[in-house]
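Encoded structure:
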């Protein structure tokens with residue numbers, strides 16, 4: 001139920017914009033460009049795991065369209 005999701009999101013993350021209160025046309029998402037990887041040549045422990053990379057924000061309508069993004 002959308003109302004329950006909206007209230008739960010507002011309770012857990014009051015400082016963020018609630019995506020459940022926005023129209024679908026206004027939603028944008030990020031796709032994973034590359035997943036996290038393990039860096040065997042890292043010198044420090046902080047550098048051993050390379051974080052995933054994400055694409056720029058993509059409108060939901062384009063993400064779900066049959067044509068997708070144009071390169």
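Residue numbers (the numbering used here): 1 to 71.
Just so it is clear, CB atoms sit at the ideal spot from N, CA and C, and this is done for glycine as well.
Model, not experiment: these values are computed from the prediction.
Rounded distance between the beta-carbons of residue j and residue i, thought under 8 Å
| i | j | result |
| --- | --- | --- |
| residue 30 | residue 57 | 6 Å |
| residue 18 | residue 6 | 6 Å |
Boundaries (first-last residue) of the alpha helix (DSSP H) holding residue i
| i | result |
| --- | --- |
| residue 26 | First-last for residue 26: undefined, no H or E at that position. |
| residue 5 | 2–12 |
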